[in-house]
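Trainee:
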Amino acid sequence: LIAGLLAMLVAFLVGLSLMRLRGAYISVATLGFMVIVQVVLVNWDRVTRGARTFAGVPPYANLWNVWLWAVIAVYLVWRIGASAFGRDMRAARDNEIAALSLGISVQHSRLLAFSLSAFLTGAAGSLWAHFITAFSPRSFLFTQAFNIITMLVIGGLGSVSGSVIGVVLITVISELLRNAERGFDLGIFRLPPIYGASQILMAVLFVLVIVFRPAGLLGGREIDPRSVLRRLRLPRRAKIR
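Residue 684 is where the sequence shown starts when you use this note's numbering, and the numbers rise one by one after that.
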């Protein structure tokens with residue numbers, strides 16, 4: 684929670700200037716700020732230990748409490764999206780002029796959304812650090828950012844359910860390819876190690892989704908758990924009859 688609050692505070696202060704921009708300029712400015720922070724962390728050796736690895740982090744996080752926090756985060760995001768504030772954010776995203784005509788403060792909505800996302804990201808980063816127990820400033824640059832963006836784009840930027848599906852899909856692919864990168868046997872043939880295969884495949888998937896399905900797998904649709912449960916119960920009732 685402390686990591687999330689600190690990230691939220693930094694995002695709020697930075698967002699006061701960034702949210703005045705529009706479109707792709709916000710993404711470019713955010714990327715530039717990320718590079719600045721990473722350079723400072725690597726070179727400010729007295730405070731951050733530079734590029735050296737932070738080892739000995741207490742293993743407070745395990746698979747079960749990470750799952751618990753993930754479920755809580757997804758539920759909170761889903762509730763926020765279904766609230767009046769969530770509708771204001773979607774209106775500001777979809778049509779800025781229409782949102783302004785309805786009296787919605789686009790800059791205010793974007794700033795709050797930016798700050799809330801930073802809180803969740805900071806909390807997730809803290810759990811990740813306590814899970815792997817060792818990290819360095821270089822762990823949070825382009826590779827990690829690209830993986831997160833790929834998860835969101837493939838699942839669907841306008842859907843909480845799509846984001847979850849994208850995370851699961853990319854994580855499974857990455858873990859499978861991590862073993863394949865070491866090389867494996869195909870009968871009489873042995874496939875040599877292919878280092879970086881997971882990044883290459885994710886880049887290809889990213890391009891294919893952008894070209895053929897720009898809205899992602901689910902687009903702006905959500906998976907309703909109640910409808911899924913009803914579909915699971917119907918066959919059982921039919922068998923009983």
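Yeah, the Cβ is synthetic: ideal placement off N, Cα and C, and Gly gets one too.
Using C-beta distances below 7 Å, list every residue in its chain close to Ser-792, excluding the 5 sequence neighbours before and after it, in chain order.
Mentor: Answer for Ser-792: Asp-771, Met-772, Ala-775, listed in chain order.
Trainee: Ignore the nearest five residues each way along the sequence and tell me which others in Ala-744's own chain have a CB closer than 6 Å to its CB.
Mentor: Around Ala-744: Leu-810, His-813, Phe-814.
Trainee: With a cut-off of 8 Å on the beta carbons, I'd call Ala-694 and Phe-797 a contact; round off their distance for me.
Mentor: Confirmed, about 6 Å.
Trainee: Report the option in Ser-819, Leu-835, Met-885 whose CA atom is closest to the CA atom of Arg-735.
Mentor: Considering only alpha carbons, the answer is Ser-819.
Trainee: Would you say Leu-860 and Ser-844 are within 8 Å of each other, going by their C-beta atoms?
Mentor: Contact flag unset, no.
Trainee: In this structure, does DSSP put Arg-873 in helix, strand or coil?
Mentor: Strand at Arg-873.
Trainee: With distance defined between alpha-carbon atoms, name the residue in Ala-886, Gly-808, Ser-700, Ser-766 nearest to Leu-684.
Mentor: Per the Cα distances, Gly-808.
Trainee: Name the one or two DSSP bridge partners that Ala-807 has.
Mentor: Note: Ala-807 sits in no beta bridge, so no partner.
Trainee: Would Arg-793 count as contacting chain C if we go by Cβ distances under 8 Å?
Mentor: This model lacks chain C altogether; it includes just one protein chain.
Trainee: Where does Ile-690 fall in DSSP's three states?
Mentor: Per the sequence shown, residue 690 should be read as Ala rather than Ile. Helix at Ala-690.
Trainee: Suppose you measure from the CA of Ile-755 to the CA of Leu-783; what does that come to, to the nearest Å?
Mentor: Distance between the alpha carbons of Ile-755 and Leu-783: 32 Å.
Trainee: First and last residue of the alpha helix (DSSP H) that includes Val-941?
Mentor: Residue 941 lies beyond the range of the chain shown here (684 to 924); nothing can be said about it.
Trainee: Among Asn-862, Leu-891, Asn-830, which one has its Cα closest to the Cα of Ile-877?
Mentor: Checking every option, the nearest Cα to that of Ile-877 belongs to Asn-862.
Trainee: Who are the near neighbours of Gly-841 in its chain, counting only those whose CB is closer than 6 Å to its CB and skipping five residues on each side?
Mentor: Answer for Gly-841: Gly-903, listed in chain order.
Trainee: Taking the alpha-carbon of Leu-696 as reference, which of Met-834, Tyr-708, Thr-713, Arg-705 has the nearest alpha-carbon?
Mentor: Looking at the Cα atoms, Thr-713 is the closest of the given residues.
Trainee: Within its chain, find whatever has a CB closer than 8 Å to the CB of Ala-898; leave out the 5 residues flanking it on each side and keep chain order.
Mentor: Result list for Ala-898: Gly-839, Leu-840, Gly-841, in chain order.
Trainee: Would you identify the three-state DSSP class for Ala-817, choosing helix, strand or coil?
Mentor: Ala-817: strand per DSSP, three-state reduction.
Trainee: Can you tell me whether Thr-826 is buried or exposed? The criterion is at least 16 other CB atoms within 10 Å of its CB, across all chains shown.
Mentor: So Thr-826 counts as exposed.
Trainee: Quickly, what does DSSP pair Val-829 with across the bridge? List them, please.
Mentor: Inspection of the sequence shows that residue 829 is occupied by Phe rather than by Val. Answer is none; Phe-829 lacks a bridge partner.
Trainee: Apart from the five residues just before and just after Ala-690, which ones in its own chain have a Cβ nearer than 7 Å to its Cβ?
Mentor: Here the set comprises Ala-801, Phe-802, Thr-804, Gly-805.
Trainee: What does a CB cutoff of less than 7 Å around Val-740 pick up in its chain, not counting 5 residues either side in sequence?
Mentor: Result list for Val-740: Ala-812, His-813, Thr-816, Ala-817, in chain order.
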